[in-house]
Each structure stands twice: as structure tokens, then as C-alpha cells.
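Down below is the structure, laid out as C-alpha cells.
Residue numbers (our numbering): 188 to 317.
Rendered as C-alpha cells:
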């Protein structure tokens, strides 16, 4: 009976140690990737200015991932600064409002969203297009 207990103990030890075999392929580690972008961010949008077709340029300024102001400028058919508007809100969504009358309602609101679902790390929604 003592031999049987010794053999059983030896077999259990060998069997339990077999789980310590190293893996043959590397373990996949999922890393969250931070998106970095820098200000100023610029773009253009078509609309109307004083009853005529126009092209507006917006320039968003900020720090880190927080936008602070947006400056709206008409670049065609004339060159004129419409105004600078502050952003309100908090991460991940910021709003700049009040530019509707100055842009002939082409741009009423700009929504800046910090997001990892786009390659830039942000999304810009321009509300109020004619």
C-alpha cells in the first residue's frame, strides 16, 4: 500500500507540473492608444455672406485636448473676420455658440468632441448650414 501511495503521489506531481510548460507563442497585450492633436485646427465651410455664396474659415485654438476659442473668417468673396467665440462645456464635448447672425446663419454652433473613434482624436460638428 505504501508503494501505491508513493506512485500516486509521483503521478500527481508530474501531472500538476505539466501545466508549467512555457507557451509557444507570445501573449497578445491590448494597449489603449492615446490620441494627440495640436492646436490650432483649421478648416473651411461653404455658406452665405451678405446674401452671396461665401467660404468661411474656422480656426480653433486651445491647449492640450481643450479648445478655448474659435475664430471665424470669411475668405471668399471678401476677406473679413467675423469674430472669435469661446468654447463652453467639458471633456469630451465643447460648444461654441452665437455666431449665427454674423455668418448669415451658415454657422450657428460648433461642437468639438474629443474622441478615440477617429484617427485625429477629435470630431468637429458645424451646426446651422443653409
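Don't be surprised by glycine CBs; every beta carbon is placed ideally from N, CA and C. Keep in mind it's a predicted model, so treat the numbers as computed, not measured.
With a threshold of 16 other beta carbon atoms within 10 Å, residue 229 falls short and is exposed.
For residue 275, the enclosing beta strand (DSSP E) has its first and last residue at 267-277. With fewer than 16 other Cβ atoms from the protein chains shown falling within 10 Å of its own Cβ, residue 224 counts as exposed.
Taken atom to atom, the span from the alpha-carbon of residue 245 to that of residue 257 is near 6 Å.
Judged by DSSP in its simplified three-state form, residue 288 adopts helix.
DSSP places residue 194 within a helical segment (H, G or I) once states are collapsed to three.
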